[in-house]
């Protein structure tokens, strides 16, 4: 993502941190107690909102929580093994349908995104699930 302020994406949403494994998220500083509650569900199309501590204040843009996930795509996981966790955003603008392919994403974001990766068409695929966990459970 470009950081010149011209992005159509919201500056108030920190996005989702996507990783290759639970271990990568723990190394990043995500509280392990929250991740162990859902690790049996990953890898999957599941984002988990966790409470953040002082060590992660730079990621959630001042919020007290952050969405994290372990990628369900083997190619993405392989990339994340090389790069470490990455911050992502949804493939749509608020209130718009999720982009089903790179061309639709390009229509939403244009040049605000540095590059697009062509992949399979995701038309008809259900959106990901989002759950919140805390020390009390899911």
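Numbering (my numbering), first residue to last: 874 to 1011. C-beta atoms are modelled at their ideal positions from N, C-alpha and C, and glycine is treated no differently.
Requested in this report: Using 10 angstroms around the beta-carbon of residue 985, count the other beta-carbons present and answer buried if the total reaches 16, otherwise exposed.
Outcome: exposed
Query raised in the report: By Cβ distance below 8 Å, which residues in the same chain neighbour residue 877 in space, the five residues on each side in sequence not counted?
Result: At residue 877 the pLDDT is 37, less than 50, meaning the model places this residue with poor confidence and gives no usable figure here.
**Report entry** Contacts around residue 1005, its chain only, beta-carbon distance under 6 Å, and the 5 residues preceding and following it disregarded
**Finding:** 922
Query raised in the report: Under 8 Å, do residue 893 and residue 943 count as touching if we go by C-beta distance?
Result: Between residue 893 and residue 943, the C-beta gap is smaller than 8 Å, which places the two residues in contact.
Query - Integer-rounded CB distance, given that residue 897 should sit under 8 Å from residue 967 - result: Actually they do not touch by this definition, with Cβ atoms about 28 Å apart.
Requested in this report: Indicate whether residue 999 and residue 978 have their beta-carbon atoms separated by less than 8 Å.
Outcome: no
Requested in this report: Put residue 924 into one of helix, strand or coil per three-state DSSP.
Outcome: strand
**Report entry** Integer Cβ distance of residue 908 from residue 891, believed to fall under 8 Å
**Finding:** No, residue 908 and residue 891 are not in contact; Cβ-Cβ is about 14 Å, not under 8 Å.
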